[in-house]
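Right, one structure below, let's go through it.
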Amino acid sequence: MDIFNDFSIGLFALQLVILIVLLILLAKFAWKPILNSLEERESGIESALSEAENARKEMQNLQADNAKLIKEAREERDAMMKEARAIQDKMIADAKEDAKEVTASLIAKAQASIQQEKQAALAEIKKNVAELSIGIAESVIKKELSNKKDQLDLVEGILKDVTLN
Amino acid sequence: MKIAQKSIKFLALALLVLISATSFASSTDKKHDTQNDGGRVNSKEEISDYIKHHLADSHDFTLFSYSNDAGERKHFGFSLPVILWSSKGLVAFMSSEFHHNDDGHVLVDRKGLKFAKIHSKIFELDANASTVSFDETHHATNAHKVLDFSITKSVVGILIAGFLIFFGFTKLAKQYKTRDIPKGFGRVLEPLVLYVRDEIAKPNIGEKKYRKFMPYLLTVFFFIWILNLMGLTPLGFNVTGQIAVTVCLALITLVVYITNGSKDFWAHTLWMPGVPKLLRPILAVLELAGFLLIKPFSLLVRLFANITAGHSVVMGIAALMILLKSQFGTVGATGISFFLTLFLTVIELLVAFLQAFIFTMLSALFIGMAVEEHEHH
């Protein structure tokens, strides 16, 4: 078989014309719309995927935020509890202190008044003793001052006592 | 309803195959083999002629032929218009006027000129000749070939393939207007388009520039593939095995990559940088020869040779049915040739895709070479 003898110019020309017409028609009515839609779809899928990824990240962020918030709230609560406890302790301590002070002052007052009473009582006793002594002395003096020597001894004795006292 | 339609189509096709097969088989059953026994193909030479006849383009669309009881050869099919540019201008008639004669004995008169068909080529007889005379190598001595723009079987095949591709893909294109994901047959076509784009165009041409060449690559890919597949049907097309068709395809690829060559491409081709100045003209000649001759030639010959070889081998193996009959008997020979032919046809199915893929791939590769821009300059 002879290839060059087989070459048909007519077939070549018809093929060329048909192929070019087909190419132009297909490019306009088939390939362009198909490729455009495919690309559109692909970019749509891509953006949808990236959006989903973004949403996932956002979700994660939100969750992280939530956890953080919860942790903060818990810390705050703990801090508040601690503070409250401290305040309570302090109040109790203060109350105790106050009570102690009040008691002490009461005791002191009581003691003071006891002292006073005691003083008053002592003064009373002293007064009574003095009156009694004066009475006794009067009677003794009335009886003893009959002689001079006895008087002097007495005075001397009294003086001695006074100094000792 | 749809299924019913499809099964009817399938049945019609199967019937067609069956009829042509039986007519072929029945012609082998009878044992008398004279030279003019009504189209029977029995000897090696006849088989070889039959295959050659199939490989060549045809002016008739014959689906099958048979001989009736009276020994008359009957052809089932339809005739196609013959359009010629003769020495007296345009001549047109139907191919039926040759009465399926292919050896120049039937002459058609138009405008005072006589035309004869010899081995699928149309000859115009010289002015004074009344019959075609042949020399000993069976070449016509008193006739010359005319420019033949006939709607031959191959042209019909090209048109059918064109219509199939056009309607298939415009339908797919329309689907995208209403939906994102096509349904039905479009769902089959879409991955093929994506395949050409992602596996052929993008890797070879590059992300930036592939868009411009997609229409050509897609058209060529589906054109070659559909025609290769049509060649495997019993309709008996052999379009991509016509050298004129592959020359046309390769030439378009050549034009596409030459007209889209970047500055860098021409600089590298004609005046290769980084090479001694003395060598540059030699390299330029080599590069030019490569891009203008060798690459297109390899494209056209690869497709032509693969398809031609495929058809020859399948038909040759089918002919074993006849040649092995004396050794293995009718059933044995038919069985052997049936299974071998089946096997080869499956391989041809793969080759049909492969050749379309390779042609498109290499076209994309050459285009990629031509449009490439080197950033380091």
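Protein sequences appear in the order of chains A and B. Those letters in the first sequence? Residues 1 to 165, by the numbering used here. Those letters in the second sequence? Residues 1001 to 1377, by the numbering used here. Positions of the beta carbon are idealized from the N, C-alpha and C atoms, including for glycine.
C-alpha distance - Leu-1235 (chain B) paired with Ala-1352 (chain B), whole-angstrom precision: As a position in the second sequence, residue 1235 (chain B) is number 235, starting the count at 1. As a position in the second sequence, residue 1352 (chain B) is number 352, starting the count at 1. Their backbone Cα atoms lie some 16 Å apart in a straight line.
Among B:Ala-1289, B:Arg-1197, B:Asp-1198 and B:Lys-1171, nearest to Gly-1186 (chain B) - alpha-carbon criterion: In the second sequence, the residue the question calls residue 1186 (chain B) occupies position 186. Closest option to Gly-1186 (chain B), Cα to Cα, is B:Lys-1171.
Straight-line gap, Lys-71 (chain A) to Asp-78 (chain A) (C-alpha atoms, nearest Å): Locating residue 71 (chain A) in the first sequence gives position 71, where the first residue counts as 1. Locating residue 78 (chain A) in the first sequence gives position 78, where the first residue counts as 1. Taking the straight line joining both Cα atoms gives about 10 Å.
Rounded straight-line distance, which links the Cα of Tyr-1050 (chain B) to that of Val-1041 (chain B): The residue labelled residue 1041 (chain B) in the question sits at position 41 within the second sequence. The residue labelled residue 1050 (chain B) in the question sits at position 50 within the second sequence. Going from the Cα of Val-1041 (chain B) to the Cα of Tyr-1050 (chain B) covers about 7 Å.
Contact set for Thr-1131 (chain B): own chain, Cβ-Cβ below 7 Å, skip 5 residues either direction: For the purposes of this step, residue 1131 (chain B) is taken as residue 131 along the second sequence, with counting starting at 1. Listed in chain order, the non-local C-beta contacts of Thr-1131 (chain B) below 7 Å within the same chain number zero, local neighbours out to five positions each way being set aside.
7 Å Cβ cut-off: residues of chain B touching Asp-78 (chain A): Working through the first sequence from its first residue, we reach residue 78 (chain A) at position 78. Those within 7 Å of Asp-78 (chain A) in chain B number zero; the least Cβ separation is about 55 Å.
Neighbour flag for Ala-52 (chain A) against chain B, beta carbons, 8 Å: Numbered from 1 along the first sequence, position 52 holds the residue referred to as residue 52 (chain A). Not one chain B Cβ lies under 8 Å of Ala-52 (chain A).
Lys-1174 (chain B) versus Pro-33 (chain A) - alpha carbon distance: In the second sequence, residue 1174 (chain B) corresponds to position 174, counting from 1. In the first sequence, residue 33 (chain A) corresponds to position 33, counting from 1. Whole-angstrom Cα-Cα distance: 8 Å.
When B:Asp-1180, B:Gly-1184, B:Leu-1159 and B:Leu-1278 are compared against Glu-39 (chain A), the one with the closest alpha-carbon: For the purposes of this step, residue 39 (chain A) is taken as the residue at position 39 of the first sequence. Taking Glu-39 (chain A) as reference, the option from B:Asp-1180, B:Gly-1184, B:Leu-1159 and B:Leu-1278 with the minimal CA-CA separation is B:Asp-1180.
C-beta atoms of Phe-1222 (chain B) and Leu-25 (chain A) nearer than 8 Å: In the second sequence, residue 1222 (chain B) corresponds to position 222, counting from 1. In the first sequence, residue 25 (chain A) corresponds to position 25, counting from 1. Their beta carbons are not under 8 Å apart, which means Phe-1222 (chain B) does not touch Leu-25 (chain A) by this criterion.
Beta-carbon proximity check, Leu-1232 (chain B) vs Thr-1345 (chain B), cutoff 8 Å: Sequence index remark: in the second sequence, residue 1232 (chain B) carries index 232 (1-based). Sequence index remark: in the second sequence, residue 1345 (chain B) carries index 345 (1-based). Annotated as proximal: Leu-1232 (chain B) and Thr-1345 (chain B), with beta-carbon spacing under 8 Å.
Interface positions of the region 11-25 of chain A facing chain B (Cβ-Cβ less than 7 Å), listed along the chain: Listed in sequence order: Leu-11, Phe-12, Ala-13, Leu-14, Gln-15, Leu-16, Ile-18, Leu-19, Leu-22, Leu-23 and Leu-25.
DSSP three-state assignment for Trp-170 (chain A), whether helix, strand or coil: An answer regarding residue 170 (chain A) cannot be provided, because it is not within the stretch 1 to 165 covered by chain A.
Whole-number beta carbon distance between Ile-1226 (chain B) and Ala-1305 (chain B), since they are thought to touch under 8 Å: In the second sequence, counting from the first residue as 1, residue 1305 (chain B) sits at position 305. In the second sequence, counting from the first residue as 1, residue 1226 (chain B) sits at position 226. Not confirmed; about 20 Å, so no contact.
C-alpha distance - Tyr-1176 (chain B) paired with Lys-1183 (chain B), whole-angstrom precision: Your numbering for residue 1176 (chain B) matches position 176 in the second sequence. Your numbering for residue 1183 (chain B) matches position 183 in the second sequence. Distance between the alpha carbons of Tyr-1176 (chain B) and Lys-1183 (chain B): 10 Å.
Proximal residues of chain B, C-beta to C-beta of Leu-35 (chain A) below 8 Å: As a first step, residue 35 (chain A) is located in the first sequence; it is residue number 35 there, counting from the start. In chain order: Val-1193, Arg-1197, Arg-1211 and Met-1214.
Chain A contacts from the region 1245-1265 of chain B (Cβ-Cβ distance under 9 Å): For chain A, the residues of the region 1245-1265 of chain B that bring a beta carbon within less than 9 Å of one of its beta carbons are Val-1245, Val-1247, Cys-1248, Leu-1249, Leu-1251 and Ile-1252, in chain order.
Which listed residue (B:Lys-1263, B:His-1138, B:Leu-1303 and B:Phe-1357) has its alpha carbon closest to that of Ala-1201 (chain B): Counted from its first residue, the second sequence places residue 1201 (chain B) at position 201. Comparing Cα positions, the closest option is B:Phe-1357.
Three-state secondary structure (DSSP) of Val-1275 (chain B): Sequence index remark: in the second sequence, residue 1275 (chain B) carries index 275 (1-based). Coil.
Backbone secondary structure at Ile-1151 (chain B) - three-state DSSP: For the purposes of this step, residue 1151 (chain B) is taken as residue 151 along the second sequence, with counting starting at 1. The DSSP-derived three-state label of Ile-1151 (chain B) is coil.
CB contact below 8 Å: Ile-1158 (chain B) versus chain A: For the purposes of this step, residue 1158 (chain B) is identified with residue 158 of the second sequence, where counting begins at 1. Yes - at least one Cβ of chain A is within 8 Å of the one on Ile-1158 (chain B).
Environment of Asn-1204 (chain B) [buried if 16+ CB atoms lie within 10 Å]: Within the second sequence, numbered from 1, the residue matching residue 1204 (chain B) stands at position 204. It counts as buried.
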